[in-house]
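Colleague: For the working numbering, add 202 to where a residue sits in the sequence shown, where the first one is 1.
Virtual Cβ for every residue (Gly too), placed ideally from N, Cα, C.
What you are looking at is a predicted structure, and each value in this text was computed from that prediction instead of being measured.
One structure, pasted below without further comment.
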Amino acid sequence: MCGIVGYIGKRKAFPIILEGLKRLEYRGYDSAGIALYDDSDIKLSKTKGKVADLEAKAKNEINTDGTIGIGHTRWATHGVPNDVNSHPHYSNSGDLVIIHNGIIENYDSLKKELLKRGYIFKSDTDTEVLINLIEDVKINEKVKLGKAVQIALNQVVGAYAIAVFDKNKPNEIVVAKLGSPLAIGIGDEEFFIASDASPFLEYTKKAIYLEDEEMAVISRKKGVKLRRIKNDAVVDPYIQELKINLEQIEKGGYEHFMLKEIHEQPNAIKDTYRGRLLAKEGIVKMAGVDDNLERFLNANKIIIVACGTSWHAGLVAEYVFENLAKVPVEVEYASEFRYRNPVITDKDVVIAISQSGETADTLAAIKLAKSKNAFVFGVCNVVGSTISRETHAGAYTHAGPEIGVASTKAFTTQITVLTLIALKLAKEKGTISNSEFHLYLQELELIPEKVKKALKSEKHIKTVANTYKNAKNCLYLGRGYNFPVALEGALKLKEISYIHAEGYPAAEMKHGPIALIDEQMPVFVIATKKGHYEKVVSNIQEIKSRSGKIIGIVTEGDEDVKNLADHVIEVPETIEFLTPLLTTIPMQLLSYHIAVMLNKNVDQPRNLAKSVTVE
Ligand code: AGP
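What follows is the structure in structure tokens.
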């Protein structure tokens, strides 16, 4: 939630910050702002709306020649999206300016104190409270900006990634992090600040990722000085060499990032199992699992914590782990788990799934599990993310940057990683035979080609999308491994087209939702040949006899459903537990094309943000 960018160096800061904000717009896009130093003062330009609106406004409003500046793209928490609540925020004197990603939970009590001391507030934000607290400390304690930030942050409860600078010291920017991500790009006598590395990739591949409760003073002359916020200890910076490149974060000829990411899935899945799935040798190699094999094999149960699409991947994994490795699995919404005092022991393995690796609820669930001595394993996409560092061990999905707010390749690659783990445990435990193990590995290796084939139905899917684009409600049904895919299909449609949709286990329909069915109701039914096929066909009959419109997601060559359904979309055949990797594809494409036909902002749907770093 919210993207922050900063620059200090020899170049003009404006274009770097602006371009950076465009790359971070997936993190929030209800308002944007920029602060630049112009030789005597700090000038702000901010606006409700997108970074493109800011670009037009700022050029007319402020001098854009400065070589130090900060910028922000917002996802509102405190205060509605408007010009005043947009970041950056000045302190009362106008000397200091701040950008902030996160939430200051005790802002109300801090604000009351500051009001008593005569501070006034123009916005409704918690961030304006923080910058005035910093100013108050700076004046009263007669300390430099870095020290003032440190003292102020020790009074703060909440989460933050902040960047602050002072017009009287325009040669340094102070940054700090707790709970929200912050990276510093190290160039040649220039430094970049950003929520992720994308804004500075074309300038430098060297980066420092701040740890929680760390802060840094970044100065033109002295470089980056890191300290712990709590005890003031000096920290040696760990400079990483980044592996991602610019093409990976550009649209590459596709109209939207979401479409590009849907089409990247064959390669993304391959990248996920590359070096891990050795089908010929009959080996699954995963360092994070191999090094902790006993913990996995002796687990009383596996608890999966995640949110949204990652939670759906967890549900698929529940079926796979229980069926193959015969280990009990619970799948929990991280937001519920963290507050309900769950029974966890040191014999449990907790798997946290998160594309971004920054989701606040998932992070809190991990902390809770660790406090109860469970072994916590992370499945993340973003390398170096907070969750990947907070967990005892883990496996990256290696899907490459996912920028479209609606998760697509994250889902299929998460399922791939989790399936590999389940297969490995099943082999070690002897719950599947050697020949089954070999067969499953071979079939998994074929999935990227089969995904490619499923993608070839796009033209046909577009005509189906066109038929149902004006529906007001939709139902998604599936059973077994494909029940979570039904949930995921409904989520995809809701989040980007704003059409109401619900996913259900197909047999649950007659316990209530069947009452909704009439000739206006499209029902997307996953009815692949393997797994409960006849039962799902009966469910289709029930829908048909109530005049519902049926769109069947079927195995290639299926005739029975074709005879019953209004439309069918075929996917290649595979073994049952791998079907979600294929049935998901039409779900993604249907939602994408419906949203495009309805003129929705596919990559940046309303009210959402890519990484949810607040509760
Ligand atoms: C999915 O399309 C959503 N954008 C959302 O549900 C997402 O999966 C959820 O916020 C979890 O994010 P994470 O995987 O980064 O933790």
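1. Starting from Asp548, trace the beta strand (DSSP E) in both directions and tell me its first and last residue.
2. Relative to the ligand AGP, is the shortest distance from any of its heavy atoms to the C-beta of Leu693 smaller than 7 Å?
3. Helix, strand or coil: which one does DSSP assign to Glu337?
4. According to DSSP, is Asn494 part of a helix, a strand, or is it coil?
5. Spell out the partners DSSP gives Lys408 in its beta bridges.
6. What I want to know is whether the C-beta of Ser558 ends up closer than 7 Å to one or more non-hydrogen atoms of the ligand AGP.
7. Pull up the distance between the alpha-carbon of Cys509 and that of His302, whole angstroms please.
8. Consult DSSP for Ala508 and reduce its assignment to one of helix, strand or coil.
9. Is Gly516 close to chain B, meaning its C-beta is less than 8 Å from at least one C-beta of that chain?
10. What residues match up with Glu704 in a beta bridge as DSSP calls it?
11. Determine contact between the stretch 693-704 and the stretch 739-747, defined as no fewer than three beta-carbon pairs at a distance below 8 Å.
12. In the DSSP assignment, find the beta strand (DSSP E) that holds Ile771 and state where it starts and stops.
13. Less than 6 Å between C-beta atoms, sequence neighbours within five positions excluded: which residues of the same chain meet that for Tyr706?
14. So, helix, strand or coil for Arg276, using DSSP?
15. Can you tell me the Cα-Cα spacing of Asn151 and Ile617, whole angstroms?
16. Are the beta-carbon atoms of Ser247 and His291 separated by less than 8 Å?
17. Compare the Cα-Cα distances from Glu758 to each of Val653, Ala435, Lys737, Glu520 and report the closest residue.
18. Would you check whether the ligand AGP has a heavy atom nearer than 7 Å to the C-beta of Glu443?
19. Could you work out which residue in Glu452, Arg213, Tyr683 is closest to Thr781 when comparing CA atoms only?
20. In this structure, what does DSSP give as the bridge partners for Met417?
21. With hydrogens ignored, establish whether the beta-carbon of Val814 is closer than 7 Å to any heavy atom of the ligand AGP.
22. Out of Glu227, Asp267, Glu221, Leu332, state which residue places its alpha-carbon closest to the alpha-carbon of Asp243.
23. Report the three-state DSSP secondary structure of Ala656 (helix, strand or coil).
24. Within the present structure, is the beta-carbon of Gly759 separated from the nearest heavy atom of the ligand AGP by less than 7 Å?
25. What whole-angstrom Cβ distance do Ile194 and Tyr209 have, given they're in contact under 8 Å?
26. Mind reading off the beta-carbon distance from Ala527 to Ala628? Whole number of angstroms is fine, and I expect it under 8 Å.
27. Taking DSSP's pairing of strands, which residues face Cys582 in a bridge?
28. Taking 7 Å as the line, does the beta carbon of Ser382 fall inside it for any heavy atom of the ligand AGP?
29. Do Glu415 and Gly360 have their CB atoms nearer than 8 Å?
30. Note the first and the last residue of the continuous beta strand (DSSP E) segment covering Gly163.
31. Output the distance between the C-alpha atoms of Leu810 and Leu499, rounded to the nearest integer angstrom.
32. Quick one: is Val282 buried, meaning 16 or more other Cβ sit within 10 Å of its Cβ, or exposed?
33. Is Ser637 near the ligand AGP, with its Cβ less than 7 Å from a heavy atom?
34. List the DSSP bridge partners of His713.
35. Go to Ala385, then tell me how far its beta strand (DSSP E) extends in each direction, as first and last residue.
36. Take every Cβ of the stretch 355-375, pair it with every Cβ of the stretch 419-430, and state whether three or more of those distances are shorter than 8 Å.
Modeller: Straight from the coordinates:
1. Numbered from its first residue, the sequence shown carries residue 548 at position 346. Here Asp548 belongs to no beta strand (DSSP E), and DSSP marks it neither H nor E.
2. Position 491 of the sequence shown, counted from the first residue, corresponds to residue 693. Remark: the shortest separation between the CB of Leu693 and any heavy atom of the ligand AGP falls under 7 Å.
3. Here residue 337 is taken as the residue at index 135 of the sequence shown, counted from 1. Three-state result, Glu337: helix.
4. On the sequence shown, position 292 is the one that residue 494 refers to. In the structure shown, Asn494 sits in coil (DSSP, three-state: anything other than H, G, I, E or B).
5. Position 206 of the sequence shown holds residue 408. Answer is Glu443.
6. Counting from 1 along the sequence shown, the entry for residue 558 is found at position 356. Under cutoff, so the answer is yes.
7. As a position in the sequence shown, residue 509 is number 307, starting the count at 1. As a position in the sequence shown, residue 302 is number 100, starting the count at 1. Separation of Cys509 and His302 (C-alpha to C-alpha, rounded to the nearest whole angstrom) is 24 Å.
8. Locating residue 508 in the sequence shown gives position 306, where the first residue counts as 1. When secondary structure is reduced to three states using DSSP, Ala508 falls in the strand class.
9. The structure shown contains no chain B, having only a single protein chain.
10. Reading the sequence shown from its first residue, position 502 is the one you call residue 704. Beta-bridge partners of Glu704 (DSSP): Leu677.
11. The stretch 693-704 vs the stretch 739-747: no contact.
12. What you label residue 771 is simply residue 569 of the sequence shown in a count that begins at 1. Taken as a continuous stretch (DSSP letters only), the beta strand (DSSP E) holding Ile771 covers 769-773.
13. Here residue 706 corresponds to residue number 504 of the sequence shown, with the count starting at 1. Residues Leu679, Pro715 of the same chain have their beta carbon placed closer than 6 Å to that of Tyr706, with the five preceding and five following residues left out of the count.
14. For the purposes of this step, residue 276 is taken as the residue at position 74 of the sequence shown. Of the three classes helix, strand and coil, the one that applies to Arg276 here is strand, per DSSP.
15. Lying before the first or after the last residue shown, residue 151 is absent from the chain, which here runs from 203 to 817.
16. In the sequence shown, residue 247 corresponds to position 45, counting from 1. In the sequence shown, residue 291 corresponds to position 89, counting from 1. Going by C-beta atoms, Ser247 is not nearer than 8 Å to His291.
17. The residue given as residue 758 occupies position 556 in the sequence shown. Ranking Val653, Ala435, Lys737, Glu520 by CA distance to the CA of Glu758 puts Val653 first.
18. By 1-based counting over the sequence shown, the position of residue 443 is 241. Because no heavy atom of the ligand AGP lies under 7 Å away, the Cβ of Glu443 does not count as near it: no.
19. Counted from its first residue, the sequence shown places residue 781 at position 579. Considering only Glu452, Arg213, Tyr683, the residue with the shortest C-alpha distance to Thr781 is Tyr683.
20. Within the sequence shown, numbered from 1, the residue matching residue 417 stands at position 215. For Met417, the pairing in a beta bridge is given by DSSP as Ala378, Arg429.
21. In the sequence shown, residue 814 corresponds to position 612, counting from 1. Under cutoff, so the answer is yes.
22. In the sequence shown, residue 243 corresponds to position 41, counting from 1. Checking every option, the nearest Cα to that of Asp243 belongs to Asp267.
23. Position 454 of the sequence shown holds residue 656. DSSP places Ala656 in helix when its eight states are reduced to three.
24. Translated into positions along the sequence shown, residue 759 becomes position 557. Not one heavy atom of the ligand AGP is found less than 7 Å from the C-beta of Gly759.
25. The question about residue 194 has no answer, for the chain in this structure spans 203 to 817.
26. Counting from 1 along the sequence shown, the entry for residue 527 is found at position 325. Counting from 1 along the sequence shown, the entry for residue 628 is found at position 426. In this structure Ala527 touches Ala628 by the C-beta definition: roughly 4 Å separates them, less than 8 Å.
27. Counting from one through the sequence shown, the residue named residue 582 turns up at place 380. Answer is Ser556, Tyr598.
28. To locate residue 382, count along the sequence shown from 1; it is residue 180. False, no ligand heavy atom lies under 7 Å from that Cβ.
29. Taking the sequence shown and counting its residues from 1, the one referred to as residue 415 is at position 213. Taking the sequence shown and counting its residues from 1, the one referred to as residue 360 is at position 158. Their beta carbons are not under 8 Å apart, which means Glu415 does not touch Gly360 by this criterion.
30. With the chain covering 203 to 817 only, the question about residue 163 has no answer from this structure.
31. The residue labelled residue 810 in the question sits at position 608 within the sequence shown. The residue labelled residue 499 in the question sits at position 297 within the sequence shown. Cα to Cα, Leu810 sits roughly 39 Å from Leu499.
32. What you label residue 282 is simply residue 80 of the sequence shown in a count that begins at 1. Exposed is the call here.
33. Taking the sequence shown and counting its residues from 1, one reaches residue 637 at position 435. The ligand AGP never approaches Ser637 closely enough for any of its heavy atoms to be under 7 Å from the residue's Cβ.
34. As a working mapping, residue 713 is identified with position 511 in the sequence shown. Looking at the DSSP assignment, His713 forms no beta bridge with any residue, so it has no partner.
35. In the sequence shown, counting from the first residue as 1, residue 385 sits at position 183. Where Ala385 is concerned, the enclosing beta strand (DSSP E) stretches over 385-388.
36. The count of Cβ pairs closer than 8 Å, one atom from the stretch 355-375 and one from the stretch 419-430, reaches three, so the stretches are in contact.
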